Structure formats: C-alpha cells, structure tokens
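Novice: Below are the structure tokens for one structure; questions will follow.
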Amino acid sequence: WTAPTWPKEYGGGGLNKDENKILQQELGRIRARPALSSFGIWMLGPALLEFASEEQKKLYLPPIVRGEIRWCQGYSEPGAGSDLAGLQTKAEDQGDHYLVNGSKIWTSYANFADWIFCLVRTNPQAPKHEGISFLLFDMTSPGVTTKPIQLISGYSPFCETFF
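Numbering (this note's numbering) for the sequence shown: 158 to 320.
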C-alpha cells in the first residue's frame with residue numbers, strides 16, 4: 158500500500174481514487190502502520206508520473222515504491238532561500254551527462270540520501286523564471302558532498318549540499 162494509486166506497471170496498486178479512499182479507511186480502521194513515506198513517494202514520484210518519459214518511469218518508479226532508493230530534494234540555495242527563480246546552481250550539458258556546480262541548503266536528510274532531485278539553471282541567459290531544469294543524480298557522484306546543519310536542539314535533519 159506504499160503507492161496504491163500509482164499504475165501497476167511501475168509497482169503501484171493501480172487503484173482509482175474511490176478504491177484508494179476505501180483502502181485508507183480500512184487501514185485506519187484496523188490501525189495499520191502507515192505506508193512508507195519518503196520524498197520519492199510524495200514529491201518525486203508524482204512528478205515522474207506526470208512528466209517523465211516511459212523509460213524514466215520504468216527506471217525510477219519501481220525502486221521508489223520498494224523503498225530501495227532514498228531521495229532528497231535540492232531546491233533552496235544559500236543566496237536565494239525559497240525564491241526558486243533566484244537559484245544559481247548551474248548545470249552544463251556535457252553530452253552524456255550534466256556538470257553541476259553550486260550548492261543547496263536545507264536539503265532534508267541529504268547525508269542519508271542515495272539520490273537527489275534538484276532544480277538547476279541550465280540557461281543562464283534566460284529570464285529569471287526560465288532556464289531552470291529538474292535533474293536527478295546520484296549523491297555518490299564525484300564532487301557531491303554534504304554537511305549536516307546542527308540545530309540548537311542538536312538534531313541535524315538538514316544539510317548543505319555542494320556540487
């Protein structure tokens with residue numbers, strides 16, 4: 158029941174909205190533990206279902222449903238905060254890969270993530286609200302490092318991430 162409404166071919170349950178509503182009510186009635194919840198399930202997966210190619214869906218969605226890959230999001234930047242149009246992290250197309258340079262901040266659990274979904278600037282000449290792309294890449298890629306941000310409580314759920 159991790160992704161009950163996702164199509165079966167990607168590891169989901171294939172349920173429609175009404176069927177999912179009944180499932181959730183019944184799971185609540187028997188006090189079942191919640192399904193796996195992650196950035197992959199509730200943020201990346203829906204975006205991939207809507208915008209990814211068939212090849213990308215088959216590659217990324219089944220491991221997300223199975224909980225095999227931990228994801229983090231790379232949106233906020235030190236100089237831009239939550240103004241995503243102000244992001245400065247650049248990605249240059251190198252033919253078979255992108256070269257990413259920059260940093261992100263408040264990257265939840267990046268120090269534990271296997272992969273990141275990240276907003277980057279791919280066209281620096283475009284207007285501020287254009288020229289932004291959504292990349293997925295392995296956190297073990299050369300040059301990727303993380304630094305946990307120590308909160309006053311001592312807890313460190315957020316990181317700075319450098320590329």
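Every residue gets a Cβ at the ideal spot worked out from N, C-alpha and C, and that includes glycine. The structure displayed is predicted, hence computed values, not measured ones.
Buried or exposed: which applies to Q307, given that a residue is buried once 16 or more other Cβ atoms fall within 10 Å of its Cβ?
Specialist: exposed
Novice: Taking the alpha carbon of A242 as the point to measure from, which residue in K178, N280, M200, S195 has its own alpha carbon closest?
Specialist: N280
Novice: By the 10 Å Cβ neighbour count, where 16 or more other Cβ atoms means buried, how is F208 classified, buried or exposed?
Specialist: Answer is exposed; the Cβ neighbour count stays below 16.
Novice: Tell me where the beta strand (DSSP E) around P305 begins and ends.
Specialist: That run of the beta strand (DSSP E) goes 302–306.
Novice: How would you label K215, buried or exposed, when you count the other beta carbons within 10 angstroms and need 16 or more for buried?
Specialist: exposed
Novice: Contact defined as beta carbons within less than 8 Å: I believe W272 pairs with D295. What is the distance between those atoms, to the nearest angstrom?
Specialist: Approximately 6 Å separates the beta-carbon atoms of W272 and D295; this is inside 8 Å, confirming the contact.
Novice: Using the three-state DSSP reduction, which class does Y255 fall into: helix, strand or coil?
Specialist: Three-state result, Y255: strand.
Novice: Using only the alpha-carbon positions, how far apart do E212 and M200 sit?
Specialist: Each residue's CA atom was taken as its position, placing E212 and M200 some 19 Å apart.
Novice: Taking the Cβ atom as the reference point for each residue, do L244 and L276 lie within a distance shorter than 8 Å?
Specialist: yes
Novice: Check each candidate in E234, Y167, G197 and name the one with the smallest Cα separation from R227.
Specialist: G197
Novice: Is the beta carbon of G224 sitting closer than 8 Å to the one on W163?
Specialist: no
Novice: What span of residues does the alpha helix (DSSP H) with R186 cover, start to end?
Specialist: For R186, the uninterrupted alpha helix (DSSP H) segment begins and ends at 174–186.
Novice: Would T302 pass as a contact of F319 if the rule is Cβ separation under 8 Å?
Specialist: yes
Novice: Which ranges does the alpha helix (DSSP H) cover as unbroken runs of at least 4 residues, wholly within the region 200–283, from first to last along the chain?
Specialist: For the region 200–283, whole alpha helix (DSSP H) runs of length 4 or above, ordered along the chain, are 202–208, 211–223.
Novice: If we count the other Cβ atoms within 10 Å of its Cβ and call it buried at 16 or more, is I221 buried or exposed?
Specialist: buried
Novice: Rounded to whole angstroms, what is the Cα-Cα separation between R186 and G236?
Specialist: 47 Å
Novice: Once DSSP output is grouped into helix, strand and coil, what is the label at I198?
Specialist: helix
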